[in-house]
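In what follows, a single structure is set out as structure tokens and then discussed.
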Amino acid sequence: MNILKLLDKLSDDKFFTKEASRLETITNLSSFGKKAAVAAVPLGLGAMMTTSVKAETTSNTTISSAVFKDALTDALQLALVLEYLEDEYYRMGLNKANLIPSADRTVFMQISKHETAHVAFLKSALTSLGQTPGAKPTFDFTAKGNFSPFDDYNQFLILAQAFEDTGVRAYKGQAGNVMSNKDVLTAALQIHSVEARHASQVRRMRANKGWIELSNGGNMPSATNAVYAGEENTNQAGFNTANAFGAAAGSAAYDEVLSGSDATAIASLFIA
Amino acid sequence: MKKTISVSNQGATLDTGRRNFLKLSGVGLALAGLALVGCNDDDLIMDNGSGNVFDLGKGDTGVLNYAYALEQLEADFYTKVVNNFYSGISSVEKELFTDLYHHEVIHRDFFKAAISGATSNVLPTLEFQYPGVNFNDRNSVLATAKALEDTGVAAYNGAGRYITNPDYLVIAGKIVSVEARHASAIRNLINPGSADFSGDDVINANGLDLAKEPKDIVAVAAGFIKTPFTWKERGIS
Numbered sequence: 001m002n003i004l005k006l007l008d009k010l011s012d013d014k015f016f017t018k019e020a021s022r023l024e025t026i027t028n029l030s031s032f033g034k035k036a037a038v039a040a041v042p043l044g045l046g047a048m049m050t051t052s053v054k055a056e057t058t059s060n061t062t063i064s065s066a067v068f069k070d071a072l073t074d075a076l077q078l079a080l081v082l083e084y085l086e087d088e089y090y091r092m093g094l095n096k097a098n099l100i101p102s103a104d105r106t107v108f109m110q111i112s113k114h115e116t117a118h119v120a121f122l123k124s125a126l127t128s129l130g131q132t133p134g135a136k137p138t139f140d141f142t143a144k145g146n147f148s149p150f151d152d153y154n155q156f157l158i159l160a161q162a163f164e165d166t167g168v169r170a171y172k173g174q175a176g177n178v179m180s181n182k183d184v185l186t187a188a189l190q191i192h193s194v195e196a197r198h199a200s201q202v203r204r205m206r207a208n209k210g211w212i213e214l215s216n217g218g219n220m221p222s223a224t225n226a227v228y229a230g231e232e233n234t235n236q237a238g239f240n241t242a243n244a245f246g247a248a249a250g251s252a253a254y255d256e257v258l259s260g261s262d263a264t265a266i267a268s269l270f271i272a
Numbered sequence: 001m002k003k004t005i006s007v008s009n010q011g012a013t014l015d016t017g018r019r020n021f022l023k024l025s026g027v028g029l030a031l032a033g034l035a036l037v038g039c040n041d042d043d044l045i046m047d048n049g050s051g052n053v054f055d056l057g058k059g060d061t062g063v064l065n066y067a068y069a070l071e072q073l074e075a076d077f078y079t080k081v082v083n084n085f086y087s088g089i090s091s092v093e094k095e096l097f098t099d100l101y102h103h104e105v106i107h108r109d110f111f112k113a114a115i116s117g118a119t120s121n122v123l124p125t126l127e128f129q130y131p132g133v134n135f136n137d138r139n140s141v142l143a144t145a146k147a148l149e150d151t152g153v154a155a156y157n158g159a160g161r162y163i164t165n166p167d168y169l170v171i172a173g174k175i176v177s178v179e180a181r182h183a184s185a186i187r188n189l190i191n192p193g194s195a196d197f198s199g200d201d202v203i204n205a206n207g208l209d210l211a212k213e214p215k216d217i218v219a220v221a222a223g224f225i226k227t228p229f230t231w232k233e234r235g236i237s
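Chains as they are written, first to last, in this note's numbering: chain A, 1 to 272; chain B, 1 to 237.
Encoded structure:
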């Protein structure tokens, strides 16, 4: 599938609604797709807790599993785009003479190794689900001349931090889309936490904390605001996380989701 | 608030001398039918019909109580750390451990509120122990923090598949990435400049972090947890 068509499709709100209207009998369709990216839910979770597990089988299982599989494989295709981006970015950075100081090379070699592995893993996951993995896009890491990450190590670090923090949020935003396949969900969680380890390390190399307080990326250019917008949230399912120790701690204790369309928008800045 | 409790002396442990003898690990007393007024939930044993050992519950309740148990452990550990910082601690590390303490307490209190709002089967306050941990020694504290954070990541990653409500899955997702940020930072403090922040001891050849079954996590964490509990649905008894 053409990557740009896919990215457009994921940004198209109507995609999910169109499918939903065809499948009225599936009561839990709203649990998937965009709902996973919706923020705070009131703390009236009791009603959900006392009812039995909603049946995932319906009278129309063929159509339902096809729809769920689309949302699932689309999520993996999006993840693959982000991994292609990171993989190429670190490969180029490590290959640029005199860019990364020797004391920092071990860290970036480890990160690079993981991103390469993620690309391979996602491609094989998609293939085993009967999907052709999307082709690697042509990237422009200058974002049309706004950055020079391969000439300026500070900029290299800035974008590395942005990519890793974006990756954490983007994977999180897709959790609902992949939860229909428990093995895929588990693998997604296992990649997601690795990106978080990466993010923490790169942030700390830039003299930031490993976690995100409020919506402050930490000495980041305003062009990266979208990566951190929403991170200031201190309402988790109706619980005020700022109560105990203030908003910085409360917001840092939770990372926020990024919708597929928001993640796509950020990635698109770096696609030629 | 009135609560009727029935306490048997099954499962009594060496904690018989403890002041709060009505806790789960406490003395054997037969107090069937005793009505208590003005009590605090934390001081009582909730008898859910299987002796006096708490079961985490079924479905999503079980998973949330599981997360709550692990967050209780982390919060308890970091509370001890910040109440008595190891000698020679730098201001950077003081700030870092204070942040970890804040986050884990927030996580713990979140789960307590969320679960309490949804069910009466809320895990009580557990008691912990730290055999072999020297809170006055930097290496000991860092090593223990690393173990706890890595365990937290593996636990959440392994529990995701058992969550049925997507809103809970998102909540768990929002927390696990922060635990991974913690783990990375601690590992980097232990061995700066190395690959340990995201080391080959936890990340495999596919670039995947650990994901462990609840019973494997509980087996590992059991050394720190004095209060017994079960999670029969996940094979933990």
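Beta carbons: idealized from backbone N, C-alpha and C, even for Gly. Remember, it's a predicted structure, so these values are computed and weren't measured experimentally.
Alpha carbon to alpha carbon, how far is residue j from residue i? Give it in angstroms, no decimals.
{"i": "A:VAL41", "j": "B:ALA114", "result": "Low confidence applies to A:VAL41: its pLDDT is 32, below 50, so where it sits in the model is not reliable enough to give any reading."}
{"i": "A:PHE245", "j": "B:THR79", "result": "14 Å"}
{"i": "A:ALA251", "j": "A:ASN233", "result": "Residue 251 of chain A is actually Ser in this sequence, not Ala. Each residue's Cα considered, the two are about 6 Å apart."}
{"i": "B:PHE77", "j": "B:ASP99", "result": "13 Å"}
{"i": "A:VAL116", "j": "A:VAL184", "result": "Rather than Val, the amino acid found at residue 116 of chain A in this sequence is Thr. A:THR116 and A:VAL184: Cα-Cα distance of roughly 18 Å."}
{"i": "B:ASP60", "j": "B:TYR66", "result": "10 Å"}
{"i": "B:ASN206", "j": "B:ASN136", "result": "38 Å"}
{"i": "A:PHE139", "j": "A:MET92", "result": "11 Å"}
{"i": "A:VAL285", "j": "A:GLN77", "result": "In the structure as shown, chain A begins at 1 and stops at 272. Residue 285 of chain A is therefore absent and cannot be evaluated."}
{"i": "B:HIS107", "j": "A:LYS96", "result": "42 Å"}
{"i": "B:LYS146", "j": "B:LEU70", "result": "14 Å"}
{"i": "A:LEU123", "j": "B:PHE85", "result": "Per the sequence shown, the amino acid found at residue 123 of chain A is Lys instead of Leu. Distance between the alpha carbons of A:LYS123 and B:PHE85 is about 47 Å."}
{"i": "A:THR166", "j": "A:ALA263", "result": "7 Å"}
{"i": "A:LYS144", "j": "A:ASN235", "result": "37 Å"}
{"i": "A:TYR153", "j": "B:SER116", "result": "49 Å"}
{"i": "B:ALA195", "j": "A:ALA188", "result": "22 Å"}
{"i": "A:ALA196", "j": "A:LEU82", "result": "14 Å"}
{"i": "A:LEU277", "j": "A:PRO137", "result": "Nothing can be reported for residue 277 of chain A, as the shown portion of chain A is limited to 1 through 272."}
{"i": "B:VAL170", "j": "B:LEU64", "result": "12 Å"}
{"i": "B:ALA35", "j": "B:VAL53", "result": "Low per-residue confidence applies at B:ALA35: pLDDT is 33, beneath 50, and the placement is therefore not dependable, though the value from the model is reported in the following sentence. If you take the alpha carbons of B:ALA35 and B:VAL53, they lie about 20 Å apart."}
Count the other C-beta atoms from every protein chain shown that fall within 10 angstroms of the C-beta of residue i, then say buried if there are 16 or more, exposed otherwise.
{"i": "A:ALA75", "result": "buried"}
{"i": "A:LYS182", "result": "exposed"}
{"i": "A:GLN161", "result": "buried"}
{"i": "B:SER90", "result": "exposed"}
{"i": "A:GLY130", "result": "exposed"}
{"i": "B:VAL218", "result": "buried"}
{"i": "A:PRO221", "result": "exposed"}
{"i": "A:VAL227", "result": "buried"}
{"i": "B:THR227", "result": "buried"}
{"i": "B:TRP231", "result": "buried"}
{"i": "A:VAL107", "result": "buried"}
{"i": "A:SER128", "result": "exposed"}
{"i": "B:SER87", "result": "exposed"}
{"i": "B:GLN239", "result": "Limits of chain B in this structure are 1 at one end and 237 at the other, which puts residue 239 of chain B out of reach."}
Does residue i come out as helix, strand or coil in the three-state DSSP assignment?
{"i": "A:GLN174", "result": "coil"}
{"i": "A:ASP70", "result": "helix"}
{"i": "A:ASN240", "result": "strand"}
{"i": "B:PHE97", "result": "helix"}
{"i": "B:ASP150", "result": "helix"}
{"i": "A:ASP151", "result": "coil"}
{"i": "A:ASP87", "result": "helix"}
{"i": "A:ASP12", "result": "Per-residue confidence for A:ASP12 stands at a pLDDT of 47, beneath the threshold of 50, marking its modelled position as unreliable; the derived number appears in the next sentence. A:ASP12 falls in the coil class under three-state DSSP."}
{"i": "A:ASN235", "result": "strand"}
{"i": "B:PHE54", "result": "strand"}
{"i": "B:THR227", "result": "coil"}
{"i": "A:PHE163", "result": "helix"}
{"i": "A:PHE273", "result": "Limits of chain A in this structure are 1 at one end and 272 at the other, which puts residue 273 of chain A out of reach."}
{"i": "A:ILE191", "result": "helix"}
{"i": "B:PHE197", "result": "helix"}
Hey, residue i and residue j: beta-carbon distance below 9 Å or not?
{"i": "B:LYS212", "j": "B:THR151", "result": "yes"}
{"i": "B:GLY160", "j": "A:TYR171", "result": "no"}
{"i": "B:GLY223", "j": "B:PRO131", "result": "yes"}
{"i": "A:ALA175", "j": "A:VAL257", "result": "yes"}
{"i": "B:ALA154", "j": "B:ASP209", "result": "yes"}
{"i": "A:ALA248", "j": "A:LEU269", "result": "no"}
{"i": "A:GLY218", "j": "B:SER184", "result": "no"}
{"i": "A:SER193", "j": "B:ASN157", "result": "yes"}
{"i": "A:GLN155", "j": "A:PHE147", "result": "yes"}
{"i": "A:PHE239", "j": "B:ASP167", "result": "no"}
{"i": "B:GLY235", "j": "B:TYR162", "result": "no"}
Worksheet item: According to a CB-to-CB cut-off of less than 7 Å, which residues of the stretch 160-181 of chain B neighbour chain A?
Response: GLY160, ARG161, THR164, ASN165, PRO166, ASP167, LEU169, VAL170, ILE171, GLY173, LYS174, ILE175, VAL176, SER177, VAL178, ALA180 and ARG181
Item to complete: Pull out every residue of the stretch 75-104 of chain B whose Cβ sits closer than 7 Å to any Cβ of chain A, in chain order.
Response: ASP99, HIS102 and HIS103
Worksheet entry | Cβ-based contacts, 8 Å cut-off: residues of the stretch 124-158 of chain A near chain B | none
Practice prompt. Please name the residues in the stretch 172-200 of chain A whose beta-carbon is closer than 9 Å to at least one beta-carbon of chain B, in chain order.
Written response: LYS172, GLY173, ALA175, GLY176, MET179, LYS182, ASP183, LEU185, THR186, ALA187, ALA188, LEU189, GLN190, ILE191, HIS192, SER193, VAL194, GLU195, ALA196, ARG197, HIS198, ALA199 and SER200
Discussion item. Which residues of the stretch 196-229 of chain A have a Cβ closer than 7 Å to any Cβ of chain B? Give them in chain order.
Written reply: ALA196, ARG197, HIS198, ALA199, SER200, GLN201, ARG204, LYS209, GLY210 and TRP211
Practice prompt. Note down, in chain order, all residues in the stretch 240-255 of chain A with a beta-carbon under 7 Å from any beta-carbon belonging to chain B.
Written response: THR241, ALA244, PHE245, ALA249, GLY250, ALA252, ALA253, TYR254 and ASP255
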